[in-house]
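Just so we're aligned, residue 1 is where the sequence shown starts under the UniProt record's numbering, counting upward by one. Note that CB positions come from ideal geometry on N, CA and C, so glycine has one too. Have a look at the structure below before the remarks.
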Amino acid sequence: MADQNLNLPKVIMHGPPALSSVLQPSYSQNFHIINPSFLPLHQFISTHTHLCSTVYAMLCYPGYPVTAHELRLLPSLRLVVTPSAGTDHIDLSECRHRGIRVAGAGNLFSADVADLAVALLIDVTMRISAADRCLKRRTPFASSHFPRSFKLTGKKVGIVGMGKIGIEVAHRLEAFGCIISYNSRNKKPLVKYPFYSTVVELATNNNALVLCCALNDQTRHTVNREVMLALGKEGVIVNVARGALIEENELLRCLMEGEIGGAGLDVFENEPHVNQRFFLLDNVVLSPHAGFSTSESFTGIAQLVGRNLEAFFSNKPLITPVI
1 MADQNLNLPK
11 VIMHGPPALS
21 SVLQPSYSQN
31 FHIINPSFLP
41 LHQFISTHTH
51 LCSTVYAMLC
61 YPGYPVTAHE
71 LRLLPSLRLV
81 VTPSAGTDHI
91 DLSECRHRGI
101 RVAGAGNLFS
111 ADVADLAVAL
121 LIDVTMRISA
131 ADRCLKRRTP
141 FASSHFPRSF
151 KLTGKKVGIV
161 GMGKIGIEVA
171 HRLEAFGCII
181 SYNSRNKKPL
191 VKYPFYSTVV
201 ELATNNNALV
211 LCCALNDQTR
221 HTVNREVMLA
231 LGKEGVIVNV
241 ARGALIEENE
251 LLRCLMEGEI
261 GGAGLDVFEN
271 EPHVNQRFFL
281 LDNVVLSPHA
291 GFSTSESFTG
301 IAQLVGRNLE
311 AFFSNKPLIT
321 PVI
């Protein structure tokens, strides 16, 4: 750990060793950054009790849970900042109980994630990646092994979760002449697209589903075998939200048995681990949770994290509050 001014406000990292790079130097010089590096957080705190007793803020990464246990280990903690739009890795109820504020990425990644969703849908439908692999194997165009593609124009696309990202996806797909409908927790009075109260109904009436909703107890495994069968043998599922929205083993079974046409996945049920059976399927396009990985987004989140920390330690409102 670098020698820093111990009088600066303490911010502890909870994530991969490189997480501290999210803070730009112009911001990091204003804080005492505590980076456990390769040590588990609870182990680091137990061996640095005095140092961690006055930590007021945490920067945490998706995939690194912030549960009641971690929060109890940091009695002075008053802020959790995550460089992600999703907060399912943070125990928000416990944070509320302890008076701990939480800041996320807000809508910073919405446009990039929507771009990726449409790109995955185009790739799966047009079989671009599959055709690329065939060409590189020198498969002749006339071969029966060369993948047959489908047009996207005019297809009916159902969006699960009509928040900011869902709206952005819908606007992009309208340019392709797609017919949009949606499912959400509630019907949205200002949204013009047809609403279906269940995901099964949405799947029954569409050629493709794009998942953009949050993960919670109600949405976990919302795309199950019933939904996949309702979507049909030429149906496509795109997931840019959270892996556990889909019952992954059922998805694999339906893909391998030809019960649905294909899938474009940026997220997985057991991240960072990806079920290797996906690697064998030509009707699947995979992306490593990369919806936020553009240069513009990386610069933007670095600034946003720093601004949220500065606002908190200056007793000003958070820039992108969750609670």
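Contacting residues, own chain, Cβ-Cβ under 6 Å from residue i (five flanking each side not counted)
i      : result
Cys178 : Lys155, Val157
Leu202 : Gly158, Asn183, Tyr196
Asn249 : none
Thr82  : Cys60, Gly104
Leu8   : Phe31, His32
Counterpart residues of residue i in DSSP-defined beta bridges
i      : result
Val80  : Met58, Val102
Ser181 : Gly158
His32  : Lys10
Val169 : According to DSSP, Val169 bridges with nothing at all.
Cutoff 7 Å; reference residue i; Cβ partners in own chain excluding five residues on either side
i      : result
Glu174 : Ile180
Ala311 : Pro317, Leu318, Ile319
Pro36  : Met13, Phe44
Phe176 : Leu152, Thr153
Leu41  : His14, Glu70
Burial state of residue i, where buried means 16 or more other Cβ atoms lie within 10 Å
i           : result
Ala68       : exposed
Ala117      : buried
Thr87       : buried
Asp3        : A caution first: Asp3 carries a pLDDT of 49, below 50, which makes its placement in the model unreliable, though a value can still be read off. Looking at its Cβ environment, which holds fewer than 16 other Cβ atoms inside 10 Å, Asp3 is exposed.
Ser53       : exposed
Phe31       : buried
Ser76       : exposed
residue 330 : Coverage of the chain is limited to positions 1 through 323, which leaves residue 330 absent and any answer about it impossible.
Thr219      : buried
CA nearest to the CA of residue i, picked from the options
i      : options                        : result
Tyr64  : Phe38, Leu77, Thr49, Gly161    : Phe38
Phe268 : Arg138, Arg242, Glu250         : Arg242
His289 : Leu79, Leu8, Val113            : Val113
Ser28  : Arg133, Leu74, Leu309          : Leu309
Leu73  : His50, Ala85, Ser93, Leu92     : His50
Asn239 : His171, His221, Ala230         : His221
Gly235 : Leu251, Glu247, Gly99          : Leu251
Ser297 : Pro62, Arg137, Ala85           : Ala85
Gly163 : Ala302, Arg138, Arg148, Cys212 : Cys212
Residues near residue i by beta carbon distance below 8 Å, same chain, minus five either side
i     : result
Ser26 : Gly306
Arg96 : Ile323
contact_flag[the stretch 248 to 264, the stretch 104 to 113] where n(CB pairs < 8 Å) is 3 or more: No, they do not touch.
Segment contact flag, the stretch 127 to 135 with the stretch 279 to 287, C-beta cutoff 8 Å, min 3 pairs: Result yes; three or more Cβ-Cβ pairs closer than 8 Å.
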